[in-house]
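Read through the structure below, which is laid out as structure tokens, and then see the notes.
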Amino acid sequence: MVEKRILVIFGRDFSTKKKHIEEFKKVLSLHYPSLALVNLFSQDISLLQLQKEMENISFSKRLFIFRNSEKLSPEIKDYLKKVIRGKRLRDFLIFDFALDSSQRERIKKDRFFSFLFRISPPFKTGGGLKDYTFNDLRLALVRGLPLRALEIIDYFLKKGRKDRISLQILGLMVKVFVDNAPYPLKGRNLKYIFEIERLIKEGKISFQLALELLVFKLLLKQRA
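Now the structure itself:
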């Protein structure tokens with residue numbers, strides 16, 4: 149599933165978006181120490197430049213950030229769609245739109261963007277951010293969208309008591325990755341969850357880092 153490697157983000161608050169992107173990079177870097185960040189300004193890149201960047205053989209994972217994604221050229225959108233559909237995507241992609249949620253309607257009819265929003269539903273930063281629910285987190289986990297799951301977990305941890313929220317999230321993960329998992333995966337997934345729960349109870353790791361590591365083990369590591 150390539151959608152687990154894609155994040156779509158909307159908002160005009162640059163500092164907030166930068167914070168989110170840095171958090172995602174931090175989590176990925178824990179497991180891909182040589183992760184490279186590639187910043188691309190959509191209005192300035194050419195198709196040849198992008199092909200060279202993305203098709204260059206790299207022994208390390210890369211995180212491509214397409215700034216001002218609403219300005220991507222038609223030929224680049226066609227190329228990216230082929231890469232994503234052809235399941236040739238080895239790296240992580242962030243599509244950063246300098247638009248607020250109301251302006252999103254302007255671009256929904258674009259074939260590439262409608263395709264992108266279907267496989268990776270956008271989340272918004274700044275004003276108008278919706279209240280996430282545990283069902284939103286469940287759907288992100290079931291659909292294999294780790295970056296979205298991390299965003300929702302971050303939202304919950306900032307909203308309430310971290311100890312109580314963390315236990316609720318662990319309970320949800322048991323339902324998704326143990327109760328509803330194929331039999332061969334049940335034991336392995338339960339072991340991962342118990343391992344993280346023990347580290348939390350012993351105070352060896354923060355609630356946020358513990359849950360980030362667990363999302364990685366249950367989603368990214370098993371399917372990367």
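According to our numbering, the stretch in the sequence shown is residues 149 to 372, in order.
Note that the Cβ used here is the ideal one computed from N, Cα and C, for glycine as well.
- When Cβ pairs closer than 8 Å are counted between the two stretches, the segment 205–222 is seen to touch the segment 179–188, the count reaching three or more.
- Nearest neighbour of Glu218 by Cα position, chosen from Lys306, Ile348 and Phe158, turns out to be Phe158.
- Straight-line spacing of the CA atoms in Leu241 and Pro332 works out to 31 Å.
- The C-alpha of Ile317 lies about 27 Å from the C-alpha of Phe243.
- Rounded to the nearest angstrom, the gap between the Cα atoms of Gln251 and Pro270 is 13 Å.
- The DSSP-derived three-state label of Ala288 is helix.
- When the beta-carbon positions are compared, Leu289 and Val322 stay at least 7 Å from each other.
- Relative to the Cα of Pro222, the nearest Cα in the group Ile205, Gln199, Arg259 and Ser208 belongs to Arg259.
- Judged by pairs of C-beta atoms under 8 Å, the segment 337–348 does not touch the segment 297–307, as fewer than three such pairs exist.
- Going by beta carbons, Arg210 and Asp192 fall outside the 7 Å limit.
- Boundaries of the alpha helix (DSSP H) around Leu298: Pro294 to Lys307.
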